[in-house]
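S.K.: Can you read through this structure? Questions will come right after.
Number of protein chains: 2
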Amino acid sequence: MTTHLEVALGNRSYRIHIGAGLLGEPQLIRPHLAGNQVLVVSNETVAPLYLESLRGSLADLEVFEHILPDGEAYKTLESLNGIFDTLLRAPCDRQATIVALGGGVVGDMAGFAAACYQRGIAYIQVPTTLLAQVDSSVGGKTAVNHPLGKNMIGAFHQPRCVIADTDVLATLPDRELAAGLAEVIKYGLIRDLEFLAWLESSLDALLARDSAALAHAIEVSCRNKAAVVAADEREAGQRALLNLGHSFGHAIETGMGYGRWLHGEAVAAGMCMAADLSRRMGRIAQSDVDRVTALLTRAGLPVAAPAELNPERLRELMSVDKKVRAGRLHLVLLNHLGDACISDQVPEPLILETLTACRSPA
Amino acid sequence: MTTHLEVALGNRSYRIHIGAGLLGEPQLIRPHLAGNQVLVVSNETVAPLYLESLRGSLADLEVFEHILPDGEAYKTLESLNGIFDTLLRAPCDRQATIVALGGGVVGDMAGFAAACYQRGIAYIQVPTTLLAQVDSSVGGKTAVNHPLGKNMIGAFHQPRCVIADTDVLATLPDRELAAGLAEVIKYGLIRDLEFLAWLESSLDALLARDSAALAHAIEVSCRNKAAVVAADEREAGQRALLNLGHSFGHAIETGMGYGRWLHGEAVAAGMCMAADLSRRMGRIAQSDVDRVTALLTRAGLPVAAPAELNPERLRELMSVDKKVRAGRLHLVLLNHLGDACISDQVPEPLILETLTACRSPA
Chain Z
93 MTTHLEVALG NRSYRIHIGA GLLGEPQLIR PHLAGNQVLV VSNETVAPLY
143 LESLRGSLAD LEVFEHILPD GEAYKTLESL NGIFDTLLRA PCDRQATIVA
193 LGGGVVGDMA GFAAACYQRG IAYIQVPTTL LAQVDSSVGG KTAVNHPLGK
243 NMIGAFHQPR CVIADTDVLA TLPDRELAAG LAEVIKYGLI RDLEFLAWLE
293 SSLDALLARD SAALAHAIEV SCRNKAAVVA ADEREAGQRA LLNLGHSFGH
343 AIETGMGYGR WLHGEAVAAG MCMAADLSRR MGRIAQSDVD RVTALLTRAG
393 LPVAAPAELN PERLRELMSV DKKVRAGRLH LVLLNHLGDA CISDQVPEPL
443 ILETLTACRS PA
Chain L
93 MTTHLEVALG NRSYRIHIGA GLLGEPQLIR PHLAGNQVLV VSNETVAPLY
143 LESLRGSLAD LEVFEHILPD GEAYKTLESL NGIFDTLLRA PCDRQATIVA
193 LGGGVVGDMA GFAAACYQRG IAYIQVPTTL LAQVDSSVGG KTAVNHPLGK
243 NMIGAFHQPR CVIADTDVLA TLPDRELAAG LAEVIKYGLI RDLEFLAWLE
293 SSLDALLARD SAALAHAIEV SCRNKAAVVA ADEREAGQRA LLNLGHSFGH
343 AIETGMGYGR WLHGEAVAAG MCMAADLSRR MGRIAQSDVD RVTALLTRAG
393 LPVAAPAELN PERLRELMSV DKKVRAGRLH LVLLNHLGDA CISDQVPEPL
443 ILETLTACRS PA
C-alpha cells in the first residue's frame with residue numbers, strides 16, 4: 093500500500109509519500125533535487141542499515157555523506173558546524189540538496205543546516221523513526237538545542253519532499269516505536285476523536301508493526317498536522333495546539349538532560365499532565381484523564397514526571413519554554429478529548445497541583 | 093536634514109531613516125518593538141560611544157546588552173552562540189526584539205541571532221558605519237563566517253526598521269569611512285551613472301564628513317539597493333549585480349585571514365579587478381577602468397590584490413564563493429560604467445590575466 097499527501101504551503105508546498113519499500117524508488121526523490129550535488133546526513137545507527145539503499149536511488153550524482161553520532165545529546169550548534177565543515181570541504185554550492193536519513197535529530201539538524209548553508213539550500217527528508225514520520229516531516233521546523241533550552245535555535249525551512257517508508261520501522265527499537273505512538277495519539281487527542289478510537293482498537297496491530305496499520309496511522313497523523321500547519325505556518329495561533337504536553341515534556345527533557353528521556357516519552361507524560369490540569373480546570377472528566385492514561389500505558393509510555401524532578405524545578409524549566417509570551421505561560425489544554433485549546437489564564441496553584449500529582453513515586 | 097525611504101517587500105517592508113541625531117529620537121524605534129524586552133547587541137568600540145544615547149530611547153523597557161569584541165574575526169558561530177547564551181539567560185521570549193548597534197559585523201550577527209532565536213524574532217538595525225548604513229541595512233542578509241568561507245552560514249531576515257544616523261559617522265576611523273565609500277561607489281558603477289558623477293564631484297565633501305553629502309550618499313545608495321532587492325529578495329537574478337567586485341574581494345578577505353583587509357577595501361580592489369576583466373572581455377575601455385581606479389584611489393582605497401596572494405591561490409578561493417553555480421563561476425562585469433551584468437562565460441585565461449595584472453608589487 094502506497095499513498096501520499098500534500099502539505100499545502102503555496103510555493104513551498106510538498107508531498108509526503110507513505111508506504112513500504114519507498115527508499116528503493118528513485119523517482120520519488122530525484123525530481124526534487126536542486127542540482128547534482130547531494131549531501132546525505134545520517135547517523136551511525138541508521139547509516140549502516142539504510143544508506144546503501146538510499147545511495148541506490150542517487151546513482152550518477154555527486155553524493156557526499158555526513159554521519160552524526162546517534163542521539164539528542166549531539167543536536168548542538170557544534171555538531172551542526174560539523175555539517176557545515178563537510179559542505180564546505182566538498183565544496184557544495186547553492187544548488188546542492190541535503191537529504192536527511194534518520195530520526196528527528198537528524199532531520200532537525202540536516203534541515204537547519206539546509207536553512208543556513210549559504211542562506212538556504214534544498215532539503216529532502218527520509219525519516220526513519222515513527223516519531224519523525226508523523227511529526228518532524230510536516231511543518232518545516234528545524235532546530236538545535238542549547239544547554240538552556242530545547243530547540244531554541246532554529247529556522248522554518250520546508251523540505252522539497254518527504255519519503256516515509258514503513259519498512260524502515262522494522263529495525264526501530266520498541267522504546268522508539270512507543271515514543272512515536274505518543275505523537276500519533278496526540279493528534280487524536282487534540283483534533284480527531286475518531287482517530288483516537290481507531291488507535292484504541294488498533295494499538296496491538298501498531299505495536300506488532302503491522303505495515304497497513306502503521307501506514308494508516310502515519311497518514312492520518314500527517315493529514316492532521318498538515319491541516320494545522322497549512323492554516324498557521326509560523327505558529328501564530330492554531331499551530332500551538334500541536335504542543336499538547338510539550339511545555340511539561342520539554343521541562344522534563346531539559347531537567348533530565350537531553351537524551352535520557354525520549355522526546356515522545358516526555359510528551360506522553362506531558363499529555364497526561366495536560367489532561368490532569370484540564371480536569372482541574374473543570375474542562376474534562378476524570379474518566380477522560382483515565383482514558384488518556386490507559387492508552388499511553390498500553391503503548392508502554394510513561395504517564396508521569398520522573399521522581400528526580402521536583403515540582404518547583406519543573407515549573408522553573410517551563411518558564412524558558414518558547415510557549416511563554418510576555419512572561420505568561422501559554423498551555424495547551426483539552427476542552428474535550430479530540431478538542432484542544434490554548435490558555436494563558438491557568439492559575440499558578442493548579443499548575444503546581446498537577447506537577448505535584450503527576451510525579452512518579454521516588 | 094532628515095529623510096526616509098521604504099524598502100518594499102510586501103509584509104516584510106520596512107523604513108530606513110536617514111539624518112543627523114536620529115539615535116536620540118525614540119519615536120523612530122519604539123513602534124517597531126515586538127514586546128517590552130530588548131536585547132541590544134553592540135561591540136566594545138561602539139558601545140561606549142553610543143549605547144547610552146540608544147538606551148535613552150528605550151526607557152521603561154526591559155533592556156539587556158550583549159557586547160561583542162570588535163572585528164570580523166569574531167563573526168563566528170561561536171560568538172553567535174554567546175548571543176544565544178545572553179538571550180536564554182535573560183530569559184528573552186519570542187516577543188523580544190534585538191537591536192543591532194554597530195557596523196556590519198554586529199548587524200550580521202545580531203540579525204542572524206534574531207533569525208534563529210526561537211526560529212525568528214524581531215530585529216532593528218542601528219548601523220554605525222557608512223558601510224553598514226549603505227549595505228547591510230538593505231536586503232535582510234545576515235550571516236557568520238566559516239574558516240572555509242565568508243558569510244557561508246546565514247539567513248534572510250528583514251529588520252523592522254533601520255536608523256542611519258549620520259552623526260555617528262563623526263567617530264568612524266578614516267579607513268572605515270573609505271571602506272564604506274567603496275560600496276557607495278559600487279552603486280554608481282552598477283546602475284547609476286549620474287550618481288557616479290556626483291560622487292566624483294562630491295568626494296572631498298564626503299571625506300570631510302559633510303553631513304548633507306553623507307545623507308545624500310546614503311539615501312541614493314539605499315534607494316539603489318532597495319530597488320534591486322525589492323525585485324529579487326532571494327538573490328535569484330538581478331540582486332547578484334550587487335556583488336560587483338565581491339568574488340574577487342571575498343577571495344582576498346579569505347586569503348588574507350578575516351579582519352586584515354576591511355570588506356570595503358577588498359571590494360574596492362575587487363571592483364578594479366572586475367573592471368579590468370570587463371575590459372579584457374571587450375566591454376569597457378581602458379579609460380573607464382582608469383576612471384574607476386582614479387575615484388577609488390582618491391577615496392584612499394586599494395585598487396589591486398595584495399602581493400601576498402598569488403593568482404592561483406586567489407582563483408582557488410574564488411571557487412568556494414557562493415556565486416559558483418554547478419561548478420561555474422558567475423562574475424559581475426561592467427557593460428558600461430553604470431551598467432553591470434552577470435556572466436558565467438568568462439574564459440579562464442582572462443580571469444588569470446586579471447588576477448596577475450591586478451596584483452600589488454611585492
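Protein chains in written order, with our numbering: chain Z, 93 to 454; chain L, 93 to 454.
Where is the CB? At the ideal position from N, CA and C, for every residue including glycine.
Note that this is a predicted model, so its numbers are computed, not measured.
Counting only beta-carbon atoms, is cysteine 314 of chain L nearer than 8 Å to chain Z?
M.R.: No - not a single Cβ of chain Z is within 8 Å of the one on cysteine 314 of chain L.
S.K.: Look at alanine 247 of chain Z and valine 218 of chain Z and say whether their C-beta atoms are less than 8 Å apart.
M.R.: No, they are not a contact pair.
S.K.: In terms of alpha-carbon separation, which member of L:Val236, L:Glu357, L:Trp290, L:Asn335 lies closest to glutamate 170 of chain L?
M.R.: Of L:Val236, L:Glu357, L:Trp290, L:Asn335, the residue nearest in Cα terms is L:Val236.
S.K.: By the three-class DSSP mapping on this structure, what secondary structure does isoleucine 376 of chain Z have?
M.R.: Correct three-state label for isoleucine 376 of chain Z: coil.
S.K.: Thinking just about the alpha-carbon of each residue, which of L:Asp436, L:Pro439, L:Ala361, L:Gln378 is nearest to the one in arginine 451 of chain L?
M.R.: Taking only the C-alpha atoms, the option nearest arginine 451 of chain L is L:Ala361.
S.K.: Which residue's Cα is closest to the Cα of alanine 182 of chain L: L:Glu157, L:Glu164, L:Val198, L:Asp162?
M.R.: Nearest of L:Glu157, L:Glu164, L:Val198, L:Asp162 to alanine 182 of chain L, Cα basis: L:Glu157.
S.K.: Mark serine 411 of chain L as exposed unless 16 or more other C-beta atoms lie within 10 angstroms of its C-beta, in which case mark it buried.
M.R.: Counting Cβ neighbours within 10 Å, serine 411 of chain L comes out exposed, since fewer than 16 surround it.
S.K.: Quick check on glycine 241 of chain L - is its C-beta less than 8 Å from some C-beta in chain Z?
M.R.: Yes, glycine 241 of chain L lies at the interface with chain Z (some Cβ there is under 8 Å from its Cβ).
S.K.: Fully enclosed by the stretch 297–342 of chain L, which alpha helix (DSSP H) runs are 4 residues long or longer?
M.R.: For the stretch 297–342 of chain L, whole alpha helix (DSSP H) runs of length 4 or above, ordered along the chain, are 303–323.
S.K.: Taking 8 Å as the threshold (beta carbon to beta carbon), is histidine 342 of chain L in contact with chain Z?
M.R.: No - not a single Cβ of chain Z is within 8 Å of the one on histidine 342 of chain L.
S.K.: Mark serine 228 of chain L as exposed unless 16 or more other C-beta atoms lie within 10 angstroms of its C-beta, in which case mark it buried.
M.R.: It is buried - the Cβ of serine 228 of chain L has at least 16 other Cβ atoms within 10 Å.
S.K.: Alpha carbon to alpha carbon, how far is alanine 304 of chain Z from lysine 278 of chain Z? Give it in angstroms, no decimals.
M.R.: Cα-Cα distance, rounded: 20 Å.
S.K.: Mapping the DSSP letters down to three states, classify lysine 167 of chain Z as helix, strand or coil.
M.R.: In the structure shown, lysine 167 of chain Z sits in coil (DSSP, three-state: anything other than H, G, I, E or B).
S.K.: Would you say tyrosine 106 of chain L lies against chain Z (beta-carbon separation less than 8 Å)?
M.R.: Cβ-Cβ to chain Z under 8 Å: no for tyrosine 106 of chain L.
S.K.: Since leucine 309 of chain L and leucine 298 of chain L are thought to touch, with beta carbons under 8 Å apart, how far apart are those beta carbons, to the nearest angstrom?
M.R.: In the sequence under discussion, the amino acid at residue 309 of chain L is alanine, which differs from the leucine named in the question. The Cβ separation is near 6 Å, so the contact holds.
S.K.: Can the beta-carbon of isoleucine 216 of chain L be found closer than 8 Å to that of histidine 124 of chain L?
M.R.: In contact: isoleucine 216 of chain L and histidine 124 of chain L (Cβ atoms closer than 8 Å).
S.K.: Taking C-beta pairs closer than 9 Å, name the residues in chain L that alanine 278 of chain Z reaches, listed in chain order.
M.R.: At residue 278 of chain Z the sequence reads lysine, which differs from the alanine that was named. What lysine 278 of chain Z touches in chain L: nothing, since even the nearest Cβ is about 20 Å away.
S.K.: Does the beta carbon of leucine 180 of chain Z come closer than 8 Å to any beta carbon on chain L?
M.R.: Output row for leucine 180 of chain Z: interface = yes.
S.K.: What is the DSSP secondary structure of arginine 107 of chain L, reduced to helix, strand or coil?
M.R.: Looking at arginine 107 of chain L - three-state DSSP - the assignment turns out to be strand.
S.K.: Taking 6 Å as the limit between beta carbons, can you name the residues of its chain near histidine 109 of chain Z, skipping five residues before and five after?
M.R.: For histidine 109 of chain Z, where only same-chain residues beyond five positions count, the Cβ hits under 6 Å are His96, Leu120, Ile255.
S.K.: Ends of the beta strand (DSSP E) at valine 218 of chain L?
M.R.: It spans 214–219 - the beta strand (DSSP E) in which valine 218 of chain L sits, taken as one unbroken run.
S.K.: Only counting the same chain, and skipping five residues up and downstream in sequence, which positions put a Cβ closer than 6 Å to that of valine 312 of chain Z?
M.R.: Here the set comprises Phe287.
S.K.: Which two residues bound the contiguous alpha helix (DSSP H) that contains leucine 143 of chain Z?
M.R.: That run of the alpha helix (DSSP H) goes 139–148.
S.K.: Helix, strand or coil, according to DSSP, for aspartate 431 of chain L in the structure here?
M.R.: Three-state result, aspartate 431 of chain L: strand.
S.K.: Would glycine 246 of chain L count as contacting chain Z if we go by Cβ distances under 8 Å?
M.R.: By this cut-off, glycine 246 of chain L is an interface position.
S.K.: Please report whether the beta-carbon of asparagine 237 of chain L lies at a distance below 8 Å from any beta-carbon of chain Z.
M.R.: No, asparagine 237 of chain L lies away from the interface with chain Z (no Cβ there is under 8 Å from its Cβ).
S.K.: Tell me, which residues are paired with histidine 158 of chain Z by DSSP?
M.R.: In the DSSP output, where bridge partners are listed per residue, histidine 158 of chain Z has Z:Val133.
S.K.: Hey, how far is the Cα of leucine 153 of chain L from the Cα of valine 438 of chain Z?
M.R.: C-alpha separation (whole angstroms): 26 Å.
S.K.: Reducing DSSP to helix, strand and coil, say where asparagine 402 of chain L ends up.
M.R.: Coil, per DSSP.
S.K.: Between the Cα of leucine 261 of chain L and those of L:Gln129, L:Leu447, L:Leu306, spot the shortest distance and give me the residue it belongs to.
M.R.: Ranking L:Gln129, L:Leu447, L:Leu306 by Cα distance to leucine 261 of chain L puts L:Leu306 first.
S.K.: How about glycine 195 of chain Z and leucine 223 of chain Z: do their beta carbons lie closer than 8 Å?
M.R.: Result yes, Cβ atoms of glycine 195 of chain Z and leucine 223 of chain Z sit closer than 8 Å.
S.K.: For valine 197 of chain L, report the span of its alpha helix (DSSP H) as first-last.
M.R.: Its alpha helix (DSSP H) spans residues 196–208.
S.K.: Determine the DSSP secondary structure at glutamate 408 of chain Z, reduced to helix, strand or coil.
M.R.: In the structure shown, glutamate 408 of chain Z sits in a helix (DSSP, three-state: H, G or I).
S.K.: Since glutamine 217 of chain Z meets chain L, which of its residues come closer than 9 Å, beta carbon to beta carbon?
M.R.: Those do not exist, as glutamine 217 of chain Z stays about 17 Å from chain L at its closest Cβ, beyond 9 Å.
S.K.: With a Cβ-Cβ cutoff of 8 Å, do leucine 295 of chain Z and alanine 391 of chain Z count as a contact?
M.R.: Yes, Cβ-Cβ distance for leucine 295 of chain Z and alanine 391 of chain Z is below 8 Å.
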